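As you go down the protein sequences, you meet chains X and E in turn.
Numbers given in the numbering used here equal positions in the first sequence, counted from 1, plus 146.
Numbers given in the numbering used here equal positions in the second sequence, counted from 1, plus 146.
No residue lacks a Cβ here, since even glycine has one placed at the ideal position from N, Cα and C.
Fair warning: this is a prediction, and the values are worked out from it, not measured in the lab.
Remarks on the structure that follows.
Protein chains: 2
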Amino acid sequence: MESYNSEGEYIESCKRRALLPRGFLASTTSLTFFPVEKKVPDAMKMNLSLILLKEKSPLFAAVFTRNAFPGAPVRIGKELLSRDRVRGILVNNRIANVCAEGGVEDARLILAELGRLLECEKYDFFPSSTGIIGWKLPVKDMISSLPSLIEGLQDESIFPVARAIMTTDSYPKVRSFLHGEGRTVGIAKGAGMIEPNMATMLSFILTDVKLDREGMREMLHRVVEESFNRISIDGDQSTSDMVIFLSSGKVECDSVVEYEDELKELCRKLSEDVVRNGEGVGHVIQVTVINAPSEAIARGVGKAVVNSPLVKTAIFGNDPNVGRIVSSIGDFVGNSLAGNTELAVSPGFIRIASGLLFMERIAIRVGKKMVFENGVFKIDEETEKFLSDYFKDCALDSEGKRFPAHDRKVEIEIDLGSGREESTVIGSDLSYQYVRENADYRS
Amino acid sequence: MESYNSEGEYIESCKRRALLPRGFLASTTSLTFFPVEKKVPDAMKMNLSLILLKEKSPLFAAVFTRNAFPGAPVRIGKELLSRDRVRGILVNNRIANVCAEGGVEDARLILAELGRLLECEKYDFFPSSTGIIGWKLPVKDMISSLPSLIEGLQDESIFPVARAIMTTDSYPKVRSFLHGEGRTVGIAKGAGMIEPNMATMLSFILTDVKLDREGMREMLHRVVEESFNRISIDGDQSTSDMVIFLSSGKVECDSVVEYEDELKELCRKLSEDVVRNGEGVGHVIQVTVINAPSEAIARGVGKAVVNSPLVKTAIFGNDPNVGRIVSSIGDFVGNSLAGNTELAVSPGFIRIASGLLFMERIAIRVGKKMVFENGVFKIDEETEKFLSDYFKDCALDSEGKRFPAHDRKVEIEIDLGSGREESTVIGSDLSYQYVRENADYRS
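Structure, rendered in structure tokens:
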């Protein structure tokens, strides 16, 4: 558990974590542009950032959104995975370059110029964009900014980039760990969406630890599956989400197994940071489903609960409305799991591919307190008081604050009592502020 | 299109529609009770209603929630389907009788007494309950109220019942139609949930038109599938949802095919009424998906869009954020449809069981205006202005009003361009009021 008393205290802790691993440079700059989409254009500001390997490296991996309308950076990035080596990542905020005419060509024009300036090729850089979708990148202005971006390169800290990639984030997010002599640092932005942005979840992880190229790609997939892919704020996966993992390979790895555990922990912390900083988030909610017939069922139940607007609003209001948890489990099991055949649900259990799921065996604990067992609620006034106090204690009260007060979260455990698999998902409550931030008209 | 200028005008229109078909009686009463769940009990009020056939009838059908934690009334109701004849429905609000210890036994005690008073059996009545879940019914108080309930039976109007079954509904919902000499009337309550209620969706449809017993059951399933099962406010199906359809069989049916169409129209209107009266609903949203490879895909895309918190909040804010519609389609196709294999999504199309779904062929119209085509947005300032005005025109401004001002809705059409199937789903926006109503602590 960590807590911070002031913005300064939080920023200092981020800066301490933000030291660049060996072999990396970073820079950021900002530019002003006039969007072509506006008849009467208003000047807008964009941050442009560069994460650069001192030398090209074959050690890189990436995981992209599964959204079937991917943005231009995702389309280009997927192609780069077959390259022998890459040099770095060029990131902009403000415009996401999604479903805009000629978006791929525009990104390539900018990368080609970056390649020319750094004596590389346009295929040596991952592009990454977040912001308004449907709009075109200000290609000329971005190209004009590249020389000053390159001039600003430094080898000390990723912190300025962590701050520059923010859109609606209220604070930067940086996590790091040491593995022997090696150093790994990760930054992230997003999620939750604010108008007019699709709040892309971007994360960049840099290390000087030497890993096997294929092994590192498989490792990233496994790690993302158990961290970034376990968070859910809007229930939506945006058109531009990506996690990029680069290694300079300067330091030998002591233990790949241990490294993977440490990387998973880093990604879990970053993904919780992302949820905690989601727009209008008042509580972080963690749902752990245990003793499930399959991991997929565990994850499905967890997501159904953590995405239920009714569960989310109840927790926002510090309301011990356990009925909504029960109802969302029942809805998932009866509808999504059992499909559309009413016959599949017998009183007491449902037949699923892997066997039987006994509804009467389901037990629910909130804040470690048993609230539902044997098909009946275990709720009296005392329990309601406990739950309400527990929710209040986990509340973030983040309105107006530009730092997280603490990293406590509401913990819900659902014991399905019908197997040995489990899954944990992280989500957030649903607040007035969420609606306000997501409803305001572009201006 | 209908519109109402005052509560009185709306109520009058409901009363005109509410005439009982031949062979039916109805009554409602209210009672005060002290919930056993409270250590220091506060008196609470409950409405109890009875819908009674003058004589037992074999012509009855029911569709129940698929939620795998069904309430006691759903458990009992499912069993009744195998009975030869039934006499009616006993409905209470305030307590839903879900996951409460001995809930089935409690409901049976009350029905047994009702049966004794009416010289029937306890198995002759559908029980129906809506309200707090986890609490026990006030069995004694309910039994004490039965004589006055029976005394109040009248054969004129279902309107008092339509009003008595309301929980958080702000106005009663009644629809009816004539078929030759026959009369059919339907009432509904719900949906959307307000603390501490699980806003059960209840609908009771009464007719004097004579139908075939099995045919009427199949008809109800088909009709519900295309009406009540196409609405989605919270994304959740509650533990107590039910639709009961009773016929006194007094009037011969001219045309069963036409009757089914008329019944479907009645159910669609009732289900739209339910959405329009959902807590904090500012806009009703209708998503029609056409030219889909399958009906299931059409419905899935429609539900993904209509349930997306981001689409919902944008429409609440009258914000023409078409990007969110595109993103939610892409998320559904890339994740739910393509499953978890990233490989299934190729640039431009995805392979599905029934063939190919070409992403570039997807076109989106909002208010009949094309806003997305060939993978690119068709949005300029004029279109944005049109959309914003269109959303404003569809807004309900229902805050504080106890009647619906009009029945306009936001119409979104998604043309998948990859097949011939279609589906229409109805949902609502996401407003401050929704969060407020769903977050307030029980008191």
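Would you be able to state if there are at least three C-beta pairs under 8 Å between the region 233-244 of chain E and the region 403-420 of chain E? no
Please say whether Ala253 of chain E and Pro273 of chain E have beta carbons closer to each other than 8 Å? yes
Go through its chain and collect everything with a Cβ distance to Phe180 of chain E's Cβ below 8 Å, but skip five positions before and after it. Pro187, Asp188, Ala189, Met190, Pro284
For Glu118 of chain E, count neighbouring C-beta atoms within 10 Å of its own C-beta (all shown protein chains included) and say buried if the count is 16 or more, exposed if not. Given a span of 147 to 589 for chain E in the structure shown, any question on residue 118 of chain E remains unanswerable.
Measuring CB to CB, does Val370 of chain E end up less than 8 Å from Val355 of chain E? no
Selection of the region 214-229 of chain E by Cβ proximity to chain X, strictly under 9 Å: Ala214, Phe215, Pro216, Arg221, Lys224
Reduced DSSP category for Ala207 of chain X - H, G, I as helix; E, B as strand; rest coil: strand
Suppose the cutoff is 6 Å on Cβ atoms and the five residues either side in sequence are ignored; what does the same chain contact list for Asp575 of chain X look like? Gly428, His429, Lys458, Ile461, Phe462
Go to Phe271 of chain E, then tell me how far its beta strand (DSSP E) extends in each direction, as first and last residue. 271-275
C-alpha gap between Phe518 of chain E and Val237 of chain X, whole angstroms: 26 Å
Listing by chain order, which chain E residues have their CB less than 9 Å from the CB of Glu251 of chain X? Simply none; closest approach about 13 Å.
Whole beta strand (DSSP E) runs in the region 304-387 of chain E with 3 or more residues, listed along the chain? 319-325, 328-335, 348-355
What is the rounded straight-line gap between the Cα of Pro550 of chain E and the Cα of Asp526 of chain X? 39 Å
Unbroken stretches of the beta strand (DSSP E), 3 residues or longer, contained in the region 408-473 of chain X: 430-438
Proximity below 8 Å, CB of Arg470 of chain X to CB of Ser454 of chain X: yes
Hey, out of E:Leu196, E:Ala164, E:Gln383, whose CA is closest to Gly261 of chain E's CA? E:Leu196
Taking its Cβ as the centre, do 16 or more other Cβ atoms sit within 10 Å of Thr178 of chain X, making it buried, or is it exposed? exposed
Roughly how many whole angstroms lie between the Cα atoms of Thr570 of chain X and Val433 of chain X? 6 Å
Return the chain-ordered ranges of every alpha helix (DSSP H) run that is complete within the region 503-538 of chain X and spans a minimum of 4 residues. none
Return the CA-CA distance between Ser593 of chain E and Pro204 of chain E, expressed in angstroms with no decimal places. As displayed, chain E neither begins before 147 nor continues past 589, which places residue 593 of chain E out of reach and without an answer.
Considering just the uninterrupted stretch of the alpha helix (DSSP H) at Leu292 of chain E, what are its terminal residues? 285-297
Can we say the region 294-309 of chain E touches the region 159-167 of chain E, given the rule of at least three CB pairs closer than 8 Å? yes
For a contact defined as C-beta to C-beta under 7 Å, what are the partners of Phe523 of chain X on chain E? Cys245, Gly280
Taking the alpha-carbon of Met192 of chain X as reference, which of X:Thr174, X:Glu158, X:Glu201 has the nearest alpha-carbon? X:Thr174
Could you pull the DSSP bridge partners for Asn193 of chain E from this structure? E:Ser176
Report yes or no: is there a C-beta of chain X within less than 8 Å of the C-beta of Gly261 of chain E? no
Along chain X, which residues have their Cβ under 7 Å away from the Cβ of Asn481 of chain E? Arg212, Gln383
By how many angstroms is the C-alpha of Gln383 of chain E removed from the C-alpha of Leu489 of chain X? Only weak support exists for where Leu489 of chain X lies, its pLDDT of 38 falling under 50; the value from the coordinates is given anyway. Near 17 Å, if we compare the C-alpha coordinates of Gln383 of chain E and Leu489 of chain X.
Where Ile572 of chain X meets chain E, residues with beta-carbon distance less than 8 Å: None at all; the shortest Cβ gap to chain E is about 16 Å.
Consider the Cβ of Met505 of chain X: report whether some Cβ of chain E lies at a distance smaller than 8 Å. yes
Would you say Asp477 of chain E lies against chain X (beta-carbon separation less than 8 Å)? yes
Compare the C-beta of Ser115 of chain E with all C-beta atoms of chain X and state if any pair is closer than 8 Å. Outside the modelled stretch of chain E, which goes from 147 to 589, sits residue 115 of chain E, for which no answer is possible.
Ends of the alpha helix (DSSP H) at Ser159 of chain E? 153-163
Of the residues E:Arg566, E:Ser577, E:Lys514, E:Met505, the one placed nearest Val556 of chain E, counting alpha carbons only: E:Lys514
Closest by C-alpha distance to Gly573 of chain E, when choosing among E:Ser322, E:Gly332, E:Phe215, E:Gly424: E:Gly424
Under a Cβ-count criterion, where at least 16 other Cβ atoms within 10 Å of its own Cβ denotes burial, should Pro318 of chain E be classed as buried or exposed? buried
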